[in-house]
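Below is one structure, written out as structure tokens, with a few remarks after it.
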Amino acid sequence: MLDTLITIIIALGIVFVLWYFLKNVTTLIINSVVGLITLIVVSQMNLLGMESFRVTWGAVLVCALGGLPGAILLIILNFAGINI
């Protein structure tokens, strides 16, 4: 009986930890997609003086890790003349 109770408690703990991490991963994925879409839209529509901006693997990596703040950072760096 005690073994069954311990197994159930461990299983519930694993489910809680997985739920917590998957909830955060979903938020990270959504933020990354929004950042990439923002960067591509601003780049393709030549908004904010981005006509010289090219979407490179470095820019995609920054947006994938940073999301919307990463896209804003790339736009600010483009204004300063720095391209990644």
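Numbering follows numbering that gives the first Met the number 0, in which position 2 of the sequence shown is assigned residue number 1; successive positions increment by one, without gaps.
We treat Cβ as the ideally placed atom computed from N, Cα and C, and that holds for glycine.
Where Ser42 and Leu17 are concerned, what is the direct C-alpha to C-alpha distance, given to the nearest angstrom?
Straight-line Cα distance between these residues: approximately 37 Å.
Answer yes or no: do Leu46 and Ala58 have a C-beta to C-beta separation smaller than 8 Å?
Using a Cβ distance threshold of 8 Å, Leu46 and Ala58 do not count as a contacting pair.
Would Thr37 and Ala70 be called neighbours here (beta carbons separated by less than 8 Å)?
Their beta carbons are under 8 Å apart, which means Thr37 touches Ala70 by this criterion.
Candidates Val33, Phe15 and Val14, of which the one nearest Gly66 by Cα
Cα-wise, what sits closest to Gly66 is Val33.
Quick one: using the 10 Å Cβ neighbour count with 16 as the cut-off for buried, is Val14 buried or exposed?
Sixteen is the threshold: since fewer than 16 other Cβ atoms of the shown chains lie within 10 Å of the Cβ of Val14, the residue is exposed.
Report, in whole angstroms, the separation of the C-beta atoms of Leu21 and Cys62, which I expect to be a contact under 8 Å.
Your pair Leu21 and Cys62 does not check out as a contact, with CB atoms roughly 22 Å apart and the cut at 8 Å.
Determine the burial state of Asn77: buried for a count of at least 16 other Cβ atoms within 10 Å of its Cβ, exposed for fewer.
That one is buried.
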